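Numbering (UniProt numbering), first residue to last: 1 to 248.
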Ligand code: ADP
Ligand code: MG
Ligand code: MG
């Protein structure tokens, strides 16, 4: 479904991804773990089509299509969910407005307002979210947890084939982690794949991955099942560096 081959990418002239290869099949949940600075967020940004990251070598295909040739919105239309962080507040645009725009941008036909309303209510109920959340202005005064809720609500209403979630290293409390886990677990099934990128093992207590990959210095250096995450937890990333580091 998603196939990344020998991916090299740089930002501001500095090579960060140095030959990353990964294949994600239909219905599979993959975790990518790695120490700070190993290039995890860079991978997420490249998959999203962030303009600051330049791919210099390698390929990324999704269901056979060359993803690197597509704009971010075209990637979304194919069924890739890229958890965009909207760092700035958007005054006057409510969560509901934003989600309607997001849904309509990936569907062939516009969703009628009533259907959209019902869809949103249903997904918010699933996530135990207060209905008033939908009326709040996007990111205005949102806590880290509320930004996550918005992101996961987006995942649930868009129903993508593949989600790429970058758990940033800092600031997510257990509540927010559980929101993410619950969203992914709701989506879990034969038609949904996910790549969960994380520094810490803790989210993987709530989302059981089928495969775990360890990233170091812009590459995946080892892969295994969920027990690999536990091994990492006990041995730490120093072990990874000793075992797989090239002394850089
Ligand atoms: P991780 O998410 O694994 O912590 P990142 O992908 O954020 O790693 O960063 C990998 C390396 O790339 C770091 O050395 C970081 O400083 C550098 N880097 C990432 N994004 C940028 C950027 N926009 N500008 C300059 N350097 C960057
Ligand atoms: Mg980091
Ligand atoms: Mg990161």
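The beta-carbon is built from N, C-alpha and C at its ideal position, and this holds for glycine as well. It should be emphasised that the depicted structure is a prediction, and the values quoted were computed from it without experimental measurement.
Worksheet item: What three-state label does DSSP hand residue 211 in the structure shown?
Response: DSSP, reduced to helix, strand and coil, places residue 211 within a strand of the structure shown.
Discussion item. Quick check: the Cα distance between residue 4 and residue 127, rounded to an integer number of angstroms?
Written reply: Whole-angstrom Cα-Cα distance: 32 Å.
Item to complete: Report the partner residues of residue 137 according to the DSSP bridge assignment.
Response: DSSP output for residue 137 lists 94 as bridge partner(s).
Discussion item. Could you check whether residue 218 and residue 14 sit closer than 7 Å to each other, using their CB atoms as the reference points?
Written reply: In this structure, residue 218 does not lie closer than 7 Å to residue 14 by Cβ.
Item to complete: Within the same chain, show all residues whose beta-carbon is closer than 8 Å to that of residue 131, passing over the 5 residues directly before and after it, in chain order.
Response: Sequence-distant partners of residue 131 (beyond 5 residues in either direction) whose C-beta falls short of 8 Å from its own C-beta, in its chain, are 121, 124.
Worksheet item: CB of residue 40 to nearest heavy atom of ligand 3: below 6 Å?
Response: The answer is yes for residue 40.
Fill in: First and last residue of the uninterrupted alpha helix (DSSP H) at residue 76
Note, residue 76: alpha helix (DSSP H), 72 to 78.
Worksheet item: Can you tell me the Cα-Cα spacing of residue 23 and residue 29, whole angstroms?
Response: Those two C-alpha atoms are separated by around 11 Å.
Item to complete: State the CB to CB distance for the pair residue 103 and residue 179, rounded to an integer number of angstroms; the pair is presumed to be in contact (CB under 8 Å).
Response: Between the beta-carbon of residue 103 and that of residue 179 there is about 20 Å, and that puts the pair past the 8 Å contact cut.
Practice prompt. Buried or exposed for residue 87, please, with buried defined as at least 16 other CB atoms from any protein chain shown within 10 angstroms of its CB.
Written response: In this predicted model, residue 87 has a pLDDT of only 48, less than 50, meaning its place in the structure is not dependable enough to derive any value.
Discussion item. I'd like the ranges of any alpha helix (DSSP H) spanning at least 4 consecutive residues and lying wholly in the stretch 139 to 183.
Written reply: The stretch 139 to 183 contains these whole alpha helix (DSSP H) runs: 144 to 158.
Discussion item. Check for me: the beta strand (DSSP E) holding residue 83 runs from which residue to which?
Written reply: Taken as a continuous stretch (DSSP letters only), residue 83 belongs to no beta strand (DSSP E), as it is neither H nor E.
Worksheet item: How would you call residue 242, buried or exposed, if buried means at least 16 neighbouring beta carbons within 10 angstroms?
Response: Exposed, by the Cβ-count rule.
Item to complete: Grab me the residues of residue 244's own chain with a C-beta within less than 7 Å of its C-beta, minus the 5 sequence neighbours each way, in chain order.
Response: Same-chain partners within the cutoff: 216, 221, 222.
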